[in-house]
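K.L.:
Following this message is one structure expressed as C-alpha cells.
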Amino acid sequence: MRLTINLSLHFFLSLFFVVAQEKYTSNVNDKKLGNLEIKNYTNKFLERPESVWSVLRSSKSKKIFYGTYGGVLEYDGINVKSIEIDGPIENEIRTSFTRTLLEDQNKNIYAAGGGFFGKIIDSDFGGSEYVSLMEKIPDTINPYIQVFWGGVNKENDIYLYTRDLIFKYNGQEFDKVWKISDREEGVDSYGSIQTILKVDDRIFVRVWGIGLFELVNNNFQFIENSELFSSNRIESMASLDGGKIAVFSSKLGVVIFDGINNFKLLNKKQLNKWLKEKLIYNVSEVKKLSDGKIPLISFEGGVLVLNKNLDVVDLIDQSDGLLSNTITSIYVDQNDDIYSTSLLSASKIKLSNSVTSFTESNGIKGLVQKIKKIDNKIYFSTTEDIFRVDESTSSLNNNRIVDLQINDIPKDFISFGGNILSVNNLNSLLIRNQNKSLVSNDRLLESPVKSLLDDRLLIMAHPIDGIIFFKQLNDKRIIKIKSSKILNQQGALGIKEIAKGILFVETINNEGSFVCRYDRKGNIKSKRVLVPDNQKVFNSENFPKEQKFNSQIDQDEYFVPLELNLINTGAGYFVFDQNLDLYSFNDEFDLSSTGQNLLSIFEKNLTNFDPISRLANISGRQQFTSINPLTRNNWFLSSQGLIEVNFKEDGQYDIVGEYPYGVIDINELSGAIFADNIGSENLLWLGSKDSKLISYLPNKYLNEKKINVKPIINSAAFNGEIINLFQSDFSYNDSRNIKINFSFPSLEKVEENLFRYRLIGLNENWTDWSATTEGIFTNLYEGNYIFEVQALDANFNESEIESYLFSISPPWYRSILAYFIYVLVIVGLIWFFGKYQAKQSLAKAENERREKDLEEAKQIQESMLPKSYPKIEGLSITAGLITSTEVGGDYYDFFESNDKNKSIHVICGDATGHGTAAGMMVSIIKSALNGLPNLPVNEILERLNNIVKKINLGRLRMSLNVAKIDKNVIELSAAAMPPTYLFNAKSNVCEEIMIEGLPLGGLKNEKFTMLKKKFQKGDVLVMLSDGLPEASNENKEMYDYERIKELISKNHSKEPKEIKKELFDSLNLWLNGGIPEDDVTLVIVKKVA
C-alpha cells in the first residue's frame, strides 16, 4: 500500500487548476502580498545634499544620477560621488536645483536647473563630469537669468522650459526657442508656463490663464476646449487605449482627453481623492511599466500605481518602508524598478511582487519558525508569538499582520475545531478569535495532531507519558482522556498521523521509531519500524524478544544504523535512513525498499536538515520540506537556492526545478518554508531570522527582465598618480605599478557582488572571486597589457567582461635614440680597446698576485694554530677562530710544562694588520714562546716585547694575553688585549678582568702587570680577541662586552665547546649570517676537577 492523497481530491484539485489558471494568470502581477522590496538611500549615504529633485539611471553605464540642490550625484553601486556644476556662466551666478535629468536616444545625459544646462560625460580620469552648454543659448536671450524647471526628450532633441520660454536643443545647438505668451509677474500668473509634458511622441505645454498647447509642425498650438486647465494645474499625462490620454491634476482629479479637443472628468473616487488630497506631483513624462501600469508620485502620499483602466493597484508609502511620503521625482528602468527621490533621500523600489515581505514595521517579532495555511489564511509562528496575515480589501491599504497574542514561545500550532490550537513553552491554548482558553498546563507536550479517525480527538507527544489523547466535548471544552507509553516503557519525541488511525512515533532519547494504531478511546498498539535488513534480524528466532529499544540492542553486531526520518511528499509518506536510502510503507506498515536514494537532493546542502534541526522536524517545531497543494511537488531550501522535487508513488523522484533566492539574503533565512500558489504560479513563504516573513514567486522572478550590467573601470593610477583613462601609453620607470579601481552598478544586493580580474600580458589566469574592487600590479615589464574584470552578482550570474588596454614603453636606454648613441659609443670604444685590454691584463696579473699572497697568509695563519687541544687532567679546553674577509693576525696557542704540577700556558693574541705581514708577526711570537724558559707570565710578555722591538717590524704590533694555569691558580697578564672573563662557580659571578698594557713592539723594556686568581672546580676562563665585542651589525651597532658576559654566565654549566657554540651562534644571529669585519678568536678553559 502507498500512502497517497485521496484520488478524488487530487482530481478535484487538477480540475480546479485548469479552471483557475485562466482566471489568476492575468492578476498574479496585481496580487498584493507583503511589502515590496525597497532599498533606501539616506541623506547621509547621499553625502547629505540639501534636497534631491531628479533621478535617472544611465542606460549605458547603469549608474544612478541624482539631481540635488547643489548639483549632481553619481552612484556606481559602491561609491557616491559629486559632479560639480562648472562653466563660464555657471561660475558667475549661483546655480541651484538640478530640476531635470534627461537621456537622449544616443544615451547622452543632460542636466538642467536654476542657472545651468549641460551634458554629463565620462571624465578622462574616471567617473563623470559636467560640461556646460549655456554659451550655446542664442545671443538674443540673456543666459544669466534662465531657470530651467523641467524638460523632456524626443529622440535626440531636448526640450526645456522656463516660466517664459521653451528651448529646443538638438544635440549641437539651440535651434528653436518658443515664447507662447507674454506673462504677468508671479510664478502662477497669466502666461506663465507651468509644465511641459510628453505622451508617447506628443509634447504638450500647460500655460497659466490659457490652457493646454501641443507641439505641431514645429509650433505650439492651443488645444480647443482646454480652458479647463487655464487655472487648474496638470501634473502628469499618460496614454490610454484608443488614442486617449489621462490627464492628472491636483485640482480636478483625472480628466480623459480624447487626443483631439474633448476633455471629460472621470469619476474615479478613490483615485481622484488621492490626486487631490495627497497632492500629485509633477512628472513631465510618465514612464509606464512593462505591463502597462502607470506610476504617479505625490507630495504627501508616496507613489500610486494604476492599471490601464486607471484602477488603483498599489500604494507605496512610508508604511511599505519609504523614508518619506514626499516624492520629488521618479525613474522607471528596464527591470520595472522604480527609482524615486524625496527632499532628503532616495529609494529603489522593486515594483515586482516576485519578492515581498512583512517586517518589524508590520508588527512581527522574533525568528520565524513555522508557516502554515489555515482556512485560506497564512499563519506563522516566531520565537515570540503566532501571527496571521489578513488580506486587505483596498488597494490603498497593505495586507495586515495580526498578532494572536499567546504571549509565549509557540512550539507548534494546528487548526482544531475551527480554531487555532497552540502548543507553547508554558502551556497549550485554544484561540477562538481574540479569546484564549487553556487546554493543558503540561509544558512537555509536543507535536499536536488533529485525528483523521475522529476530528474531535487531539493527539500529542509527551517525552515521559508517551502519547496523550484529548477530546473536544460538545460544550467545546477539551479534556485529556488517556496517555500511553510506547510498549509501556518509553515517551515520545514527536508524532505524525501517516494514515487514518496510524501514527508514526519517534521515541525520546533516540530509542527508535514505531508505528502505533489507535482507536477513538486512545488505546494504542505499537510495533517497531525498521529497514528491511534490520527487520529480518529483529524477526529472527535467535533475536531476544525483550530487546525493543535501541539502548537494548547491540547495534554493532546485528544492525545497520537504526535512525530513521519521516518525509511527507506529494505522493505520500516515506522514510529514509542515515544513508539516505528511501523506503515506503507496505499494507502492514512495514518498510519496503524503493531502490531510491535522496543523495541528489541532500548533496545540494539543505539548509534546515542536520542533526540539530532533525529533532525540531521530528517534534514538529520545524519543517524541512513543504508540499505545493496544487502541483503536489515538494520544495526544499538549499545553500544555493530553492529545489522543487516531484515524488512518485513508487519513490522515484525528479528534481523539476532549481531557483535562485533573487534579492533574498540567504543568511537571514530561518529555515521555515511553506509552498503555496497563486493560480498556476508557485508561491513560497519563507521565514527570516530578522522578524520578517517573505513571499517569493520564483518562476515570476526568473521570467522578469534583467538589465545587462557590466563592470565599470572607475579610475586607474600609475605609480600613485591618477591617470587619464584614455591615455594608454606609459613611460618606463623604476616602479611601474598600476592600480585599477572598478565597480558593478547592479544595484541589487551590491554588498554580495564579487569580482575577478586578470592582466593579459602578465598572467592569463583569473583571480579567485572576491569582494575586492581594485586590482594592483607591480614591477611590470614594458609591453602591451589588457586588464579584464568580470562581476558575479548575488544570484551567481556572471557579467560581461570589461577591458582596459594600456602599454608601458621601454626605458630610455632601450629607445631608438639610445641605440644610435650606443653605436657611436661602441665605435669610440674600439679605438681605445688596445689600451684597455693591456690595462686589464696588468690588473688581472696584480689580482692573481694578491690572491696568491692572501692564500699564503691564510696557510701561515692556520699553520701557527695548534692542531688539537691539550688533554690536561682536571681541565676542559677548547678554542675557535672565525676569519674575516681578509686574513688577519689572530692567534691562539697552548704550551704544556714538564714540571711536576703539569701546568699549562694559554695564549690568545691579535697582530695588527692583515695578510703576510700579520702572519710574520705571529710566526715570530710563536717561535719566541717556544724558546723561552718557564717564566712568570708578565716576564714572558716583557721578553717578547723586547724581541719584537729588536727585530724592528715597523708599525707592526702584537696584542697578547698569557695565562698560566697551575692546579687551582691562574696567573694572568696582557698586552693591549680585551678583557679576560673568569666565571666563579662558587659565587656565581662572572668577573671581567681588564689588565692595562701596551702592545708588544711598542716601547723597549716595557713592564707588564700580572694578576693571580683562584681557579676552582666549575670555574670558566674565557680569553678573546677584539673581533667579537667590536663586531657591528647592519645598524652599525656593536656586539659589545656586556652581551659576552651575560652569555658566559648563562651557559657556564655547559662544556667549553658548547659555550663556544653559544657565543658563535649569538654572533651569527647578530650579524644576520654575515661575515665579521675582523677575525674573532675564543679560548675557553673550564676547571672540571
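Count the sequence shown with the numbering used here and you get residues 398 to 1486, in order.
A virtual CB, placed ideally from N, CA and C, is assigned to each residue, including glycine.
Please read these numbers as outputs of a predicted model, since none were measured by experiment.
(1) Are three or more beta carbon pairs between the segment 1391-1399 and the segment 1449-1462 nearer than 8 Å?
(2) Which ranges would you report for the beta strand (DSSP E) in the segment 865-931 if only whole runs of at least 3 residues count?
(3) Can you name, in chain order, every residue of its own chain whose Cβ lies under 6 Å from the Cβ of Pro567, other than the five neighbours on each side?
(4) Please list the segments of the beta strand (DSSP E) lying wholly inside the segment 593-657, counting only runs of 3 or more residues, in order along the chain.
(5) Do you know offhand how far Gln1019's Cα is from Tyr736's?
(6) What runs of the alpha helix (DSSP H), each 4 residues or longer, lie entirely inside the segment 698-746?
(7) Please state whether DSSP places Tyr466 in a helix, a strand or coil.
(8) Quick one: what's got a C-beta closer than 6 Å to Val729's C-beta in the same chain, skipping five residues either side?
(9) Using 8 Å as the threshold, is the C-beta distance between Ser448 and Leu741 below it?
(10) Less than 6 Å between C-beta atoms, sequence neighbours within five positions excluded: which residues of the same chain meet that for Lys705?
(11) Given a cut-off of 8 Å, decide if Ser1035 and Lys1001 are closer than it, judged by their beta-carbon atoms.
(12) Buried or exposed, going by whether 16 or more other CB atoms sit within 10 Å of the CB of Gly1470?
(13) Just to confirm, are Thr559 and Trp546 a CB contact at a threshold of 8 Å?
(14) Tell me which same chain residues have a C-beta within less than 7 Å of the C-beta of Lys1410, skipping the five on either side of it?
(15) Under 7 Å Cβ to Cβ from Thr422, same chain only, skipping five residues before and after it: list those, please.
(16) To the nearest angstrom, how far is it from the Cα of Gly1038 to the Cα of Gly863?
(17) How close, in whole Å, do the beta carbons of Leu1479 and Ala1325 come, if the pair is a contact with beta carbons under 8 Å?
(18) Looking only at its chain, what residues have a beta carbon closer than 8 Å to the beta carbon of Met398, apart from the 5 residues adjacent to it on each side?
(19) Taking all protein chains shown into account, do 16 or more other C-beta atoms lie within 10 angstroms of the C-beta of Asp1475, making it buried, or fewer, making it exposed?
(20) Quick check on this structure: which residue in Asn838, Tyr1219, Ile590, Leu870 has the alpha carbon closest to the alpha carbon of His859?
(21) Got a sec? Which residues, its chain only, sit under 8 Å from Glu500 by beta carbon, not counting five neighbours each side?
(22) Return yes when the Cβ of Gly431 is within less than 8 Å of the Cβ of Ser346, no when it is not.
(23) Buried or exposed, going by whether 16 or more other CB atoms sit within 10 Å of the CB of Arg797?
(24) Counting along the chain, where does the beta strand (DSSP E) carrying Lys769 start and finish?
(25) Since Arg925 and Lys945 are thought to touch, with beta carbons under 8 Å apart, how far apart are those beta carbons, to the nearest angstrom?
(26) For Val1106 and Glu1179, what's the separation of their Cα atoms in angstroms?
(27) Tell me the DSSP bridge mates of Asp519?
(28) Measure the Cβ-Cβ separation of Ala1069 and Ile768 and say whether it is below 8 Å.
(29) To the nearest angstrom, report how far apart Leu1272 and Lys1249 are at their CA atoms.
(30) Given 7 Å as the limit, tell me if Ile1344 has its C-beta closer than that to any heavy atom belonging to the ligand MG.
(31) Thinking just about the alpha-carbon of each residue, which of Glu1065, Pro1095, Ile1052 is nearest to the one in Ala1072?
(32) Span of the beta strand (DSSP E) holding Asn505?
(33) Taking C-alpha atoms, which residue in Asn1194, Asp473, Ile921 lies nearest to Gly898?
(34) In chain order, which beta strand (DSSP E) runs of at least 3 residues are fully inside the segment 819-873?
(35) How many angstroms separate the CA atom of Ser909 from the CA atom of Arg853?
(36) Return the CA-CA distance between Gly467 and Leu1156, expressed in angstroms with no decimal places.
P.N.:
Looking at the atomic coordinates:
(1) Under the Cβ criterion (8 Å, minimum of three pairs), the segment 1391-1399 does not count as touching the segment 1449-1462.
(2) Scanning the segment 865-931 for uninterrupted beta strand (DSSP E) segments of 3 residues or longer gives 875-881, 889-896, 899-904, 910-915, 921-926, listed from N- to C-terminal end.
(3) According to the sequence displayed, residue 567 carries Asn and not Pro. These residues qualify, in order along the chain: Asp554.
(4) Counting whole runs of 3 or more residues, the segment 593-657 contains the beta strand (DSSP E) stretches 599-604, 608-613, 616-619, 633-636, 642-646, 650-654.
(5) For Gln1019 and Tyr736, the distance between alpha carbons rounds to 38 Å.
(6) Uninterrupted alpha helix (DSSP H) stretches at least 4 residues long and entirely within the segment 698-746 do not occur.
(7) In the displayed model, Tyr466 falls within coil according to three-state DSSP, outside both helix and strand.
(8) Closer than 6 Å at Cβ, skipping near neighbours: Lys684, Ile735.
(9) Taking 8 Å as the cut-off, the beta carbon of Ser448 is found closer than this to the beta carbon of Leu741.
(10) These residues qualify, in order along the chain: Gly689.
(11) Contact: yes.
(12) With fewer than 16 other CB atoms across the displayed protein chains lying within 10 angstroms of its CB, Gly1470 is exposed.
(13) Yes, these two residues count as a Cβ contact at 8 Å.
(14) Shown here for Lys1410: same chain residues with a beta carbon closer than 7 Å to its own, the five before and five after excluded, namely Ile1367, Leu1369, Leu1379 in chain order.
(15) Confidence at Thr422 is low in this model, with a pLDDT of 41, below 50, so the placement of that residue is unreliable and no value is reported for it.
(16) Answer to the nearest angstrom: the Cα atoms are 38 Å apart.
(17) Contact between Leu1479 and Ala1325 is absent: CB atoms are separated by about 23 Å, not below the 8 Å threshold.
(18) In this prediction, Met398 scores a pLDDT of 41, lower than 50, which makes its location untrustworthy; the coordinate-derived value is nonetheless stated afterwards. Taken in chain order, the residues that qualify are Phe982, Asn983, Asp984.
(19) Label assigned to Asp1475: buried.
(20) Of Asn838, Tyr1219, Ile590, Leu870, the residue nearest in Cα terms is Asn838.
(21) Counting only Cβ-Cβ distances below 8 Å, and skipping sequence neighbours, we find Leu453, Ser455, Ser456, Ile506, Tyr507, Asn550.
(22) Residue 346 lies beyond the stretch modelled for the chain, which goes from 398 to 1486, so this question has no answer here.
(23) So Arg797 ends up on the exposed side.
(24) If you look at Lys769, you'll find it in the beta strand (DSSP E) that goes 765-771.
(25) Between Arg925 and Lys945, the beta carbon gap of about 6 Å places them in contact (Cβ cut-off 8 Å).
(26) C-alpha separation (whole angstroms): 33 Å.
(27) Per DSSP, Ser525.
(28) Yes; because the gap between Cβ atoms is below 8 Å, this pair is in contact.
(29) It is roughly 40 Å from the alpha-carbon of Leu1272 to the alpha-carbon of Lys1249.
(30) The ligand MG is absent from the structure shown, which contains no ligands of any kind.
(31) Cα-wise, what sits closest to Ala1072 is Pro1095.
(32) For Asn505, there is no enclosing beta strand (DSSP E), as DSSP marks it with neither H nor E.
(33) Checking every option, the nearest Cα to that of Gly898 belongs to Ile921.
(34) Contiguous beta strand (DSSP E) elements confined to the segment 819-873 occur at 825-829, 832-837, 843-847, 854-859, 863-869, taking only those with 3 or more residues.
(35) It is worth fixing the name first, because residue 909 is Gly in this sequence and not Ser. Each residue's alpha carbon lies about 29 Å from the other.
(36) Gly467 and Leu1156: Cα-Cα distance of roughly 39 Å.
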